[in-house]
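> Pasting in a structure now, in structure tokens, and then I'll have a few things to ask.
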């Protein structure tokens, strides 16, 4: 790997409490995860992103922390976590954790003190207003589940700000003491051995909230402070964040106006994610081409994180109403499949009708486009969702390991599980599980393992440039390439159902014995690139040339 290890990583994200239960209490735990590290290593994972691990009231799946320096006792101890870091490192896997510091739980000792008295040393750690703010009912993140962002606290006799739920009061990032505490929290976990952080709700931790001002100023220099701080503590520490903002604002999260990459290392590419979904729905690559063209240029060292599914809904808010309707019609036709008037709360396999060809096509696209791929647990075996569960919980069901009771996730009685397993239908654990796919060399799991190995043999995909091949293509076909010091890869993807023949003979003069390294089926040799067959929903990864300096 390069010094910027994140550029060539394969990131896998999971909730510990739904992954593997080692003690039979119905809740996944750290020891259970340690027991599955060999599985992740075989899959090709090089970075493990853990969703919130801190003690919390569990009113928002761990995002309402009551102690940023501890581990939720349901998951294990701090000692267990240190052992996880050690065992993961033995397998070449780095671990990053969620940094959810935009807010705390209203049960956090800081807030308990803050609301108790105006003289509390923690009073100014939160955002207060003596009068009811006129923007009280603006800026909700969860429309339909929130009806305000300012709530009155009878004990404090003041209004407090909460960008998310009422039980998650926002911290005041205009307070130097709060900023210092956040750095202290990060230092603690870096010292323990984490490789970095996924920063939750990045636009809100730089927001200097002013009562009555729905467009409060943002202090991007705080991101510069965080970057400088973590790199003094651990030189290769990663800051990965979500910032689903307008494209013109994105570059400010990576670096200052001088062009330096001195803020976040990586951002999730929400714009590409929405366009990918639109392209799959239309069976037309144009939205992806638009995304590649419209994406702002990044400073050197900055990187996108690509994803198809993550722990939240598929957010379509960056699409137009008409485009959103097209995606809904294909992938979320029932109202119960949608959430927050902007997204879809489903996993990819059922969205694509469990069509193996389309699932491979979609993930081949994601893993071959510019950036670092992030894979949600269970996607590698084609897990489904449970729409009977509320909200985002539909895609947070336990990992399906085998045909043993509770999918091999836990030995606890079914009614004691942290969340029910999917136990019926074509996505039930008797049909979809790791063990069955491990014994099948043609399974989706086997395909993912093969794809990640291929990806790691082509570092130019992650650390090189990504360019649309602007030549006339048959309907539904996307051609793009990745170029870097290690060589060049060419990619063909057919989003449509009709077979196609692609002529890219103009690229042959720069090729050196080009050959397929990954494809949906056996194709004739690539020859001079002037008659490349491509099946419906087909894909081909073609090595154009490889640098002689690479062994």
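Numbering (this note's numbering), first residue to last: 51 to 601. By construction, the Cβ of each residue, glycine as well, lies at the ideal position given by its N, Cα and C atoms.
What's the gap between the Cα of residue 561 and the Cα of residue 554?
For the purposes of this step, residue 561 is identified with residue 511 of the chain shown, where counting begins at 1. For the purposes of this step, residue 554 is identified with residue 504 of the chain shown, where counting begins at 1. Distance between the alpha carbons of residue 561 and residue 554 is about 11 Å.
> Pick out the complete alpha helix (DSSP H) segments inside the segment 289 to 360, 4 residues or longer, and give them in chain order.
As far as the segment 289 to 360 is concerned, its whole alpha helix (DSSP H) runs of at least 4 residues are 297 to 304, 320 to 332 and 336 to 344.
> Would residue 381 be called buried (16 or more neighbouring beta carbons within 10 Å of its own) or exposed?
Against the chain shown, residue 381 aligns to sequence position 331. Residue 381 should be labelled buried.
> How is the beta strand (DSSP E) around residue 593 delimited, first residue to last?
The residue labelled residue 593 in the question sits at position 543 within the chain shown. Start and end: 589 to 596.
> Apart from the five residues on each side of it in sequence, which residues of its chain come closer than 7 Å, Cβ to Cβ, to residue 579?
Along the chain shown, read from residue 1 onward, the residue named residue 579 stands at position 529. Correct list, in chain order: 554, 555, 557, 558, 561 and 564.
> Start and end of the alpha helix (DSSP H) containing residue 423?
If you number the chain shown from 1, residue 423 lands on position 373. Note, residue 423: premise wrong, no alpha helix (DSSP H); beta strand (DSSP E) at 422 to 426.
> Can you grab the Cα-Cα spacing for the pair residue 67 / residue 460, in whole Å?
In the chain shown, residue 67 corresponds to position 17, counting from 1. In the chain shown, residue 460 corresponds to position 410, counting from 1. Residue 67 and residue 460: Cα-Cα distance of roughly 11 Å.
> Judging by CA-CA distance, which residue of 532, 436 and 372 is the nearest neighbour of residue 392?
As a first step, residue 392 is located in the chain shown; it is residue number 342 there, counting from the start. When only C-alpha atoms are compared, the closest one is 372.
> Whole angstroms are fine: how far does the CA of residue 153 sit from the CA of residue 201?
As a working mapping, residue 201 is identified with position 151 in the chain shown. As a working mapping, residue 153 is identified with position 103 in the chain shown. Distance between the alpha carbons of residue 201 and residue 153 is about 14 Å.
> Report the residue ranges of all alpha helix (DSSP H) runs contained in full by the segment 133 to 168; include only those spanning at least 4 residues, in chain order.
DSSP runs (the alpha helix (DSSP H)) wholly in the segment 133 to 168: 159 to 166.
> Which word fits residue 299, buried or exposed, when buried means at least 16 other C-beta atoms lie within 10 angstroms of its C-beta?
The residue you call residue 299 lines up with position 249 of the chain shown. The residue in question, residue 299, is exposed, as its Cβ has fewer than 16 Cβ neighbours within 10 Å.
> Using only CA atoms, which one of 161, 585 and 506 lies nearest to residue 567?
One-based indexing of the chain shown puts residue 567 at position 517. It is 506 whose Cα lies nearest to the Cα of residue 567.
> Are the beta-carbon atoms of residue 328 and residue 296 separated by less than 8 Å?
Mapped onto the chain shown, residue 328 falls at position 278. Mapped onto the chain shown, residue 296 falls at position 246. Against a cut-off of 8 Å, the Cβ pair of residue 296 and residue 328 comes out as no contact.
> Once you ignore the five residues that flank residue 452 on each side, which residues in its own chain have a CB closer than 6 Å to its CB?
Residue mapping note: residue 452 aligns to position 402 of the chain shown, counting from 1. 458, 483 and 485.
> When DSSP labels each residue in this structure, what does residue 554 get in the three-state scheme?
Residue mapping note: residue 554 aligns to position 504 of the chain shown, counting from 1. Of the three classes helix, strand and coil, the one that applies to residue 554 here is coil, per DSSP.
> Looking at the structure shown, is residue 417 part of a helix, part of a strand, or coil, going by DSSP?
In the chain shown, residue 417 corresponds to position 367, counting from 1. In this structure, residue 417 counts as helix in the three-state DSSP scheme.
> Candidates 234, 194 and 160: which alpha carbon is nearest residue 222's?
Numbered from its first residue, the chain shown carries residue 222 at position 172. Cα-wise, what sits closest to residue 222 is 160.
> Can you have a look at residue 282 and say buried or exposed, based on whether 16 or more other CB atoms are within 10 angstroms of its CB?
The residue labelled residue 282 in the question sits at position 232 within the chain shown. By the 10 Å Cβ count, residue 282 comes out exposed.
> Please check the pair residue 64 and residue 101, which I expect to be a contact at CB under 8 Å, by giving their CB distance rounded to whole angstroms.
To locate residue 64, count along the chain shown from 1; it is residue 14. To locate residue 101, count along the chain shown from 1; it is residue 51. Indeed they touch by this definition, with Cβ atoms about 7 Å apart.
> If you draw a straight line from the C-alpha of residue 137 to the C-alpha of residue 337, how long is it?
Here residue 137 corresponds to residue number 87 of the chain shown, with the count starting at 1. Here residue 337 corresponds to residue number 287 of the chain shown, with the count starting at 1. When rounded, the distance between both Cα atoms is 42 Å.
> Take residue 402 and list the residues in its own chain whose beta-carbon comes closer than 6 Å to its own, dropping the five residues that flank it on each side.
Residue 402 sits at position 352 when you count from the first residue of the chain shown. Only 408 and 409 meet the Cβ criterion.
> Quick one: measure Cβ to Cβ for residue 468 and residue 456, integer angstroms, because I've assumed they're closer than 8 Å.
Along the chain shown, read from residue 1 onward, the residue named residue 468 stands at position 418. Along the chain shown, read from residue 1 onward, the residue named residue 456 stands at position 406. About 11 Å separates the two Cβ atoms, so there is no contact after all.
> Do you know whose CA, among 497, 244, 531 and 493, lies nearest residue 508's CA?
Here residue 508 refers to the residue found at position 458 of the chain shown. Considering only alpha carbons, the answer is 531.
> If you check the beta carbons only, do residue 291 and residue 314 fall under 8 Å apart?
Sequence index remark: in the chain shown, residue 291 carries index 241 (1-based). Sequence index remark: in the chain shown, residue 314 carries index 264 (1-based). Yes, these two residues count as a Cβ contact at 8 Å.
> First and last residue of the alpha helix (DSSP H) that includes residue 485?
The residue you call residue 485 lines up with position 435 of the chain shown. Unbroken alpha helix (DSSP H) run through residue 485: 484 to 488.
> If you follow the alpha helix (DSSP H) that residue 381 is in, where does it begin and where does it stop?
By one-based count along the chain shown, residue 381 stands at place 331. First-last of the alpha helix (DSSP H) with residue 381: 371 to 381.
> Please say whether residue 84 and residue 149 have beta carbons closer to each other than 8 Å?
Here residue 149 refers to the residue found at position 99 of the chain shown. Here residue 84 refers to the residue found at position 34 of the chain shown. The answer is no: Cβ separation not under 8 Å.
> Spatial neighbours of residue 167 within its chain, please: C-beta separation below 8 Å, excluding the five flanking residues on both sides.
Here residue 167 is taken as the residue at index 117 of the chain shown, counted from 1. Within the same chain, residue 167 has close Cβ partners 173.
> Could you tell me which residues DSSP puts in a beta bridge with residue 280?
On the chain shown, position 230 is the one that residue 280 refers to. BP columns for residue 280 are empty, so no partner.
> Quick one: which unbroken beta strand (DSSP E) runs of 3-plus residues sit fully inside the segment 165 to 222? Chain order, please.
With a minimum length of 3 residues, the continuous beta strand (DSSP E) runs that stay inside the segment 165 to 222 are 200 to 203 and 208 to 211.
> Assuming residue 609 and residue 145 make a contact with CB atoms under 8 Å, what is their CB distance in whole Å?
In the structure displayed, the chain extends from 51 to 601; residue 609 sits before or after that span and is not available.
> Would you identify the three-state DSSP class for residue 601, choosing helix, strand or coil?
Mapped onto the chain shown, residue 601 falls at position 551. Residue placement at residue 601 cannot be trusted, given a pLDDT of 48 that sits under 50; what the coordinates show is reported in the next sentence. Here residue 601 sits in coil by DSSP.
> Put residue 364 into one of helix, strand or coil per three-state DSSP.
Mapped onto the chain shown, residue 364 falls at position 314. In the structure shown, residue 364 sits in a strand (DSSP, three-state: E or B).
> Can you tell me where the alpha helix (DSSP H) holding residue 502 begins and where it ends?
Within the chain shown, residue 502 is the residue found at index 452, counting from 1. Residues 494 to 506.
> Closest to residue 363 by C-alpha separation, out of 435, 129 and 454, would be which residue?
By one-based count along the chain shown, residue 363 stands at place 313. Out of 435, 129 and 454, 435 has the C-alpha closest to the C-alpha of residue 363.
> Do you know whose CA, among 253, 278, 280 and 60, lies nearest residue 267's CA?
The residue given as residue 267 occupies position 217 in the chain shown. It is 253 whose Cα lies nearest to the Cα of residue 267.
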